[in-house]
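Engineer:
Protein chains in written order, with the working numbering: chain A, 7 to 220; chain B, 7 to 220.
1. Out of 13(B), 151(B), 109(B) and 100(B), point me to the one whose CA is closest to residue 128(B)'s CA.
2. Taking the beta carbon of residue 101(A) as the centre, do at least 16 other beta carbons fall within 10 Å, making it buried, or is it exposed?
3. Whose CA, out of 97(A), 201(A) and 124(A), lies closest to the CA of residue 106(A)?
4. Which residues of chain A have a Cβ atom closer than 7 Å to the Cβ of residue 204(B), listed in chain order?
5. What is the residue span of the beta strand (DSSP E) that residue 50(B) lies within?
6. Does the beta-carbon distance from residue 216(A) to residue 203(A) come in below 8 Å?
7. Jot down the residue ranges of each uninterrupted beta strand (DSSP E) in the stretch 89 to 152 of chain A, minimum 3 residues, whole runs only, in chain order.
8. Tell me, please, whether the stretch 62 to 80 of chain B touches the stretch 136 to 155 of chain B by the rule of three or more beta-carbon pairs shorter than 8 Å.
9. Taking only three categories from DSSP, how would you classify residue 14(A)?
10. Could you check whether residue 19(A) and residue 175(A) sit closer than 8 Å to each other, using their CB atoms as the reference points?
11. What are the boundary residues of the beta strand (DSSP E) that includes residue 177(B)?
12. Would you mind working out which of 171(B), 177(B), 27(B) and 119(B) sits nearest residue 87(B), comparing C-alpha positions?
13. Taking residue 34(A) as the query, report the chain B residues whose CB atoms sit under 8 Å from its CB, ordered along the chain.
14. Is it true that the CB of residue 14(B) sits closer than 8 Å to the CB of residue 115(B)?
15. Measuring straight from C-alpha to C-alpha, what distance separates residue 132(A) and residue 211(B)?
16. Name the DSSP bridge partner or partners of residue 201(A)?
17. I'd like to know whether the C-beta atoms of residue 160(B) and residue 69(B) end up nearer to each other than 8 Å.
18. Name the residue from 186(B), 35(B) and 9(B) whose alpha carbon lies nearest to the alpha carbon of residue 73(B).
19. With H, G and I counted as helix, E and B as strand and the rest as coil, what does DSSP make of residue 193(A)?
20. Name the one or two DSSP bridge partners that residue 206(B) has.
21. Got a sec? Which residues, its chain only, sit under 8 Å from residue 61(A) by beta carbon, not counting five neighbours each side?
22. Skipping 5 residues on each side, what residues in its chain have a beta carbon closer than 8 Å to that of residue 162(B)?
23. Is it buried or exposed for residue 169(A), if we count other Cβ within 10 angstroms and need 16 for buried?
24. Measuring CA to CA, which of 98(B), 164(B) and 195(B) is closest to residue 25(A)?
25. Residue 33(A) to residue 38(B), Cα distance in whole Å?
26. Could you tell me the distance, in whole angstroms, from the CA atom of residue 147(A) to the CA atom of residue 75(A)?
27. Quick test of your reading: residue 144(A) and residue 113(A), contact by CB under 8 Å. State the CB separation rounded to the nearest angstrom.
28. Between the Cα of residue 55(B) and the Cα atoms of 12(B), 92(B), 93(B) and 104(B), which residue gives the shortest distance?
29. When the Cα atoms are used, what is the spatial distance from residue 200(B) to residue 172(B)?
30. Beta-carbon within less than 7 Å of residue 98(A)'s beta-carbon, same chain only, minus the 5 sequence neighbours each way: which residues are those?
31. Along the alpha helix (DSSP H) that carries residue 167(A), what are the first and last residues, could you check?
32. Are the C-beta of residue 69(A) and some C-beta of chain D separated by less than 8 Å?
33. Going along chain B in order, which residues have a C-beta closer than 7 Å to the C-beta of residue 186(A)?
34. If we count the other Cβ atoms within 10 Å of its Cβ and call it buried at 16 or more, is residue 111(A) buried or exposed?
35. If I follow the unbroken beta strand (DSSP E) through residue 21(A), where does it start and stop?
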């Protein structure tokens with residue numbers, strides 16, 4: 007049972023999200039430029055847009071790997087939505103419409119309690135208010151032997167890296183200069199934390215790097 | 007006539023040199039890990055080691071590009087050597103032995119004056135004490151219409167990027183996590199400075215990214 011990060015974009019200058027996330031900019035301003043390799047894949051079209059077709063090359067194969075053998079997900083609250091502070095009501099149900107791409111329990115890190123939210127297709131959002139270790143314990147229990155994927159965003163991945171709780175990570179580096187945003191590795195000595203990269207694979211639009219904990 | 011950076015290594019976590027450069031660690035501790043793609047190339051073996059043989063694939067082709075049409079180089083002082091402060095004498099003549107790989111005038115940025123140093127094979131080191139713009143003006147004059155290459159290190163490249171004086175840059179990203187070192191883009195909003203990346207090429211051991219000024 008592994009804890010994995012997948013399909014995580016990074017610009018050449020080290021950012022994995024833009025600034026000023028809002029309803030129009032789920033990945034922050036210009037953040038979508040790091041994911042241009044993902045959007046044309048069959049995987050993205052099928053799981054997120056519920057559409058047929060799409061590219062089936064290396065980038066798609068890398069995206070497909072990220073959905074294999076998953077039993078639960080963990081998301082930071084900002085990856086769940088643009089709402090900040092206490093939930094004003096229960097109307098926000100994620101970026102993904104009626105049928106989110108998860109199809110398993112999803113644990114959302116937040117400081118503000120909320121009732122579980124059941125969506126079409128097997129996705130149930132659970133809101134966890136007692137920290138990343140609790141969320142991981144709950145996710146592992148729910149995953150029933152399958153892997154747990156840390157979906158993001160940047161702050162969530164950094165917290166799990168710092169706690170040495172991630173086993174492997176797939177980063178897709180795009181030829182994009184973002185200039186500002188959320189830097190994935192800034193002030194995080196990933197080497198001292200035991201992480202090493204030993205593999206890269208060239209895709210059609212991005213280069214896929216694999217990072218593993220020693 | 008262009009001002010170019012080439013064959014510049016970067017780790018996946020954004021470092022282009024390790025810490026604690028000294029005689030045994032010209033690229034800082036673990037810095038050589040980012041250049042493992044370069045050492046086996048025919049270009050490196052021929053120009054730096056004066057040896058026959060070597061690999062002739064994509065990585066080598068990228069390294070060869072970096073030596074085409076050059077009329078002058080600019081190096082930061084730490085790229086010239088490990089000596090700090092005033093020159094104790096004239097015994098340090100660079101990392102490269104009697105015949106350095108440049109074969110054209112090389113302008114070394116330093117705060118400490120020193121007489122020009124002529125080496126075998128056409129390399130002359132000139133020591134420039136009045137700043138990066140002066141060094142570039144001198145290098146352009148010496149290059150006689152050919153391009154000027156900014157050799158490094160990190161601080162020198164960052165200064166020229168910040169001054170928007172670099173036209174194009176070739177970065178070779180390796181699947182290596184350095185953890186600490188000199189970060190190439192930290193606190194440098196290269197996008198606002200007008201730089202964009204629009205191309206990447208997969209080599210045998212590194213991915214080659216090209217960055218150009220708009």
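Think of the CB as a built atom: it goes at the ideal place given N, C-alpha and C, for glycine as much as any other residue.
Structural biologist: This is what the structure gives:
1. Sorting 13(B), 151(B), 109(B) and 100(B) by C-alpha distance to the C-alpha of residue 128(B) places 109(B) at the top.
2. It is exposed - the Cβ of residue 101(A) has fewer than 16 other Cβ atoms within 10 Å.
3. Answer by Cα proximity: 124(A).
4. Ordered by position in chain A, the residues that pass the 7 Å Cβ test against residue 204(B) are 181.
5. No beta strand (DSSP E) holds residue 50(B); the alpha helix (DSSP H) holding it covers 48 to 53.
6. In terms of Cβ geometry, residue 216(A) and residue 203(A) form a close pair [threshold 8 Å].
7. With a minimum length of 3 residues, the continuous beta strand (DSSP E) runs that stay inside the stretch 89 to 152 of chain A are 111 to 115 and 130 to 134.
8. Taking a contact to require three or more Cβ pairs closer than 8 Å, the stretch 62 to 80 of chain B and the stretch 136 to 155 of chain B qualify as touching.
9. Three-state DSSP puts residue 14(A) in a strand.
10. No, Cβ-Cβ distance for residue 175(A) and residue 19(A) is not below 8 Å.
11. Looking at the DSSP string, the run of the beta strand (DSSP E) that includes residue 177(B) is 174 to 180.
12. If we check each option's Cα against that of residue 87(B), 27(B) comes out closest.
13. Those within 8 Å of residue 34(A) in chain B number zero; the least Cβ separation is about 13 Å.
14. At the C-beta level, residue 115(B) and residue 14(B) stay beyond 8 Å of one another.
15. Take the alpha-carbon of residue 132(A) and the one of residue 211(B): they are about 43 Å apart.
16. Answer is 219(A), bridged to residue 201(A).
17. In terms of Cβ geometry, residue 160(B) and residue 69(B) do not form a close pair [threshold 8 Å].
18. The closest CA to that of residue 73(B), considering only 186(B), 35(B) and 9(B), is found on 9(B).
19. Residue 193(A) carries a coil assignment under DSSP once its states are collapsed to helix, strand and coil.
20. Beta-bridge pairing links residue 206(B) to 215(B).
21. If we look at residue 61(A) and ignore the five residues flanking it on each side, its Cβ neighbours are 46, 47, 48 and 210.
22. Only 80, 81, 82, 85, 115, 138 and 156 meet the Cβ criterion.
23. The residue in question, residue 169(A), is exposed, as its Cβ has fewer than 16 Cβ neighbours within 10 Å.
24. Of the candidates 98(B), 164(B) and 195(B), the one whose C-alpha sits nearest the C-alpha of residue 25(A) is 195(B).
25. Roughly 35 Å separates the two Cα atoms.
26. Computed Cα separation, rounded: 15 Å.
27. Contact check for residue 144(A) and residue 113(A): beta-carbon distance about 6 Å, within the 8 Å limit, so the pair qualifies.
28. Ranking 12(B), 92(B), 93(B) and 104(B) by Cα distance to residue 55(B) puts 104(B) first.
29. Cα-Cα distance, rounded: 10 Å.
30. Here the set comprises 87 and 89.
31. Residue 167(A) -> alpha helix (DSSP H) spans 160 to 168.
32. Among the protein chains of the structure shown, namely A and B, there is no chain D.
33. Correct list: 195.
34. Buried is the call here.
35. Element bounds for residue 21(A): 21 to 23.
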